[in-house]
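> With the working numbering, you'll find the sequence shown wraps up at 267, consecutive numbering, no jumps.
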Amino acid sequence: MESFNERLNLALNLIKEAKRITAFTGAGISTESGIPDFRSPGGIWDRYRIVTFQEFLTSNSARKEYWAMKRDLFREIESAKPNRAHLALAELEKIGKLNCLITQNIDGLHQEGGNSSDIIIELHGTNRRANCLECGKTWPIEDIQARLEKGDLDPRCDVCNGFIKPATVSFGQAMPVEDMLRAFQCAATCDLFLMIGSSLQVEPAASIPREAHRAGAKLIFINRTETPLDFIATVVFRENASDVLDELVKLLKQSA
Ligand code: NAD
Numbered sequence: 012m013e014s015f016n017e018r019l020n021l022a023l024n025l026i027k028e029a030k031r032i033t034a035f036t037g038a039g040i041s042t043e044s045g046i047p048d049f050r051s052p053g054g055i056w057d058r059y060r061i062v063t064f065q066e067f068l069t070s071n072s073a074r075k076e077y078w079a080m081k082r083d084l085f086r087e088i089e090s091a092k093p094n095r096a097h098l099a100l101a102e103l104e105k106i107g108k109l110n111c112l113i114t115q116n117i118d119g120l121h122q123e124g125g126n127s128s129d130i131i132i133e134l135h136g137t138n139r140r141a142n143c144l145e146c147g148k149t150w151p152i153e154d155i156q157a158r159l160e161k162g163d164l165d166p167r168c169d170v171c172n173g174f175i176k177p178a179t180v181s182f183g184q185a186m187p188v189e190d191m192l193r194a195f196q197c198a199a200t201c202d203l204f205l206m207i208g209s210s211l212q213v214e215p216a217a218s219i220p221r222e223a224h225r226a227g228a229k230l231i232f233i234n235r236t237e238t239p240l241d242f243i244a245t246v247v248f249r250e251n252a253s254d255v256l257d258e259l260v261k262l263l264k265q266s267a
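#1: Cα separation between Lys81 and Arg139?
#2: For Glu160 and Asp48, I'd like the C-alpha separation in whole angstroms.
#3: Would DSSP call Ala270 helix, strand or coil?
#4: Under a three-way DSSP split, which group does Cys168 fall into?
#5: Would you kindly work out how many angstroms separate the C-alpha atoms of Leu259 and Leu19, rounded to a whole number?
#6: Suppose only complete runs of 3+ residues qualify. What are the beta strand (DSSP E) ranges in the region 128-165, listed by chain order?
#7: Would a C-beta distance cut-off of 9 Å place Ala99 and Asp257 closer than the cut-off?
#8: My understanding is that Phe182 touches Thr63, with C-beta atoms under 8 Å, so please give their C-beta distance in whole angstroms.
#9: Please classify Arg86: is it buried, with 16 or more other beta-carbons within 10 angstroms of its beta-carbon, or exposed?
#10: Please check the pair Ile269 and Thr179, which I expect to be a contact at CB under 8 Å, by giving their CB distance rounded to whole angstroms.
#11: How would you write the range of the alpha helix (DSSP H) that Cys111 sits in, first residue to last?
#12: Out of curiosity, what's the CA-to-CA distance linking Ala199 and Phe174?
#13: Relative to the C-alpha of Leu103, which residue among Trp150, Ser128, Ile26 is closest?
#14: When DSSP builds the beta bridges, which residues end up paired with Leu205?
#15: When every heavy atom of ligand 1 is checked, does at least one fall within less than 8 Å of the C-beta of Gly124?
#16: Is the beta carbon of Ala91 sitting closer than 9 Å to the one on Ile207?
#17: Using DSSP with H/G/I as helix, E/B as strand and the rest coil, what is Thr42?
#18: Expressed to the nearest angstrom, what Euclidean distance is found between the alpha-carbon atoms of Ala216 and Gln115?
#19: Between Ser210 and Thr238, which are expected to be in contact by the criterion C-beta below 8 Å, what is the C-beta distance as a whole number of angstroms?
#20: Spatial neighbours of Ala267 within its chain, please: CB distance less than 8 Å, with the 5 preceding and 5 following residues excluded, ordered by chain position.
#21: Find the nearest neighbour of Ser128 within the set Trp78, Ala223, Gly39, Asp190, judged by alpha-carbon distance.
#22: Can you find a heavy atom of ligand 1 that lies under 8 Å from the Cβ of Thr63?
#23: Can you tell me which residues form a DSSP beta bridge with Lys27?
#24: Nearest to Met186 by CA position, among Phe67, Leu134, Glu28, Ala22, is which residue?
#25: By the three-class DSSP mapping on this structure, what secondary structure does Ala194 have?
#26: Residue range of the beta strand (DSSP E) that Phe248 falls in?
What follows is the structure, encoded as C-alpha cells:
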C-alpha cells in the first residue's frame, strides 16, 4: 500500500477531476461522534441481539427487548455531535463537489453537520422520528424517549393503541423502494464514489458500490478494516474517516 500522503494525493486528484461525486456512509463515520458501530468490538451487537420486524410485530417480550436497545441507543445519539468527517462532507457539498449522499445511518448527523436534505438518502430510515404502525401518527423521537425513560417498556399510540416504532428499517422490514432506486441511480450516474465507514456486509446496500463500479466510476474507500469489495477501489484508506476527509477537503480548498 502507498504511503498516506501518496494515497491522499491520488484521492485528491480523483476528486478534482470528478464531475459527479456520490458519497456512501455507514456506521463508521459516526464512531468518532461517540456512536458505536454494529460490528466492531464493543459495538451494539456485542450488547444486544437483533430483533427482527416479524418478532417486533408478534412478540411482547421481543418488542420490549427492542425498545430497551433503542432507549440505550437514543441516549448515545442524543448527545452525539457531527464530527470532522460529517463536516468535511458538508464542506464538499458547499464547494460544489458532492451531488448525492447515501447513508445507512439513522443518526441524522449528516443533516446536523450541514449537508442539505435534498441530497441525502437515508436508506435505513431515521431514528429522529417514530411512527404508529397502524394510523401513521408521527412523533419526534424525544417524546418517545421521555416515555421510555419513565418506564414505558412497550409504547403504544395514544390515538389507536397501535405499535409505535422508530422510522428506521429493521431486519425483515421492506426497504423504502423509492430511496433504493434513487440510491442506485446516484451510484450508476456518478464518476467518483466515496465509501466511508461501512463493512459492506448488509445487502442490498452493499450492492451500491458495486453498481458504481459496474457503471465505470472510480471508487475511494475509507474504512478502518478490510471489506469484501476493497478490490474494486482505486484508493483504500484504513485511517480514521475524520482525518482522511478533513485533510482531503483542506487540500482541495488550498488547491482551488
Ligand atoms: P458496520 O458496523 O457493519 O461497519 C462499520 C465499519 O466502519 C467497520 O468496518 C469499521 O472498521 C469502520 N469504522 C469504524 N470507525 C471508523 C472510523 N472512525 N473511520 C473509518 N472507518 C471506521 O456498519 P454498516 O456497514 O453501516 O452497517 C451497520 C448497520 O447498522 C447499518 O445498517 C446502519 O444503519 C446501522 N447502524 C447505524 C448507526 C448510526 O446511525 N450511527 C450505528 C450503528 C449501526
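Quick reminder that beta carbons are idealized off the backbone N, C-alpha and C, glycines included.
Walking through what the data contain:
#1: 11 Å
#2: Each residue's CA atom was taken as its position, placing Glu160 and Asp48 some 23 Å apart.
#3: There is simply no residue 270 to check, as the chain begins at 12 and stops at 267 in what is shown.
#4: coil
#5: 7 Å
#6: 131-133, 136-143, 149-151
#7: yes
#8: 5 Å
#9: Exposed is the call here.
#10: Here the chain has residues from 12 to 267 only, and residue 269 is not among them.
#11: No alpha helix (DSSP H) holds Cys111; the beta strand (DSSP E) holding it covers 111-114.
#12: Taking the straight line from one Cα to the other gives about 38 Å.
#13: Ile26
#14: Ala34, Ile231
#15: no
#16: Not a contact, by the Cβ cut-off of 9 Å.
#17: DSSP places Thr42 in helix when its eight states are reduced to three.
#18: 8 Å
#19: Ser210 to Thr238, Cβ: 6 Å. Contact.
#20: Ile106
#21: Closest in C-alpha terms to Ser128, from the list Trp78, Ala223, Gly39, Asp190, comes Asp190.
#22: Proximity of the beta carbon of Thr63 to ligand 1 is not indicated: no heavy atom of the ligand is located closer than 8 Å.
#23: Partner(s): none; Lys27 has no beta bridge.
#24: Leu134
#25: helix
#26: For Phe248, the enclosing beta strand (DSSP E) begins and ends at 246-248.
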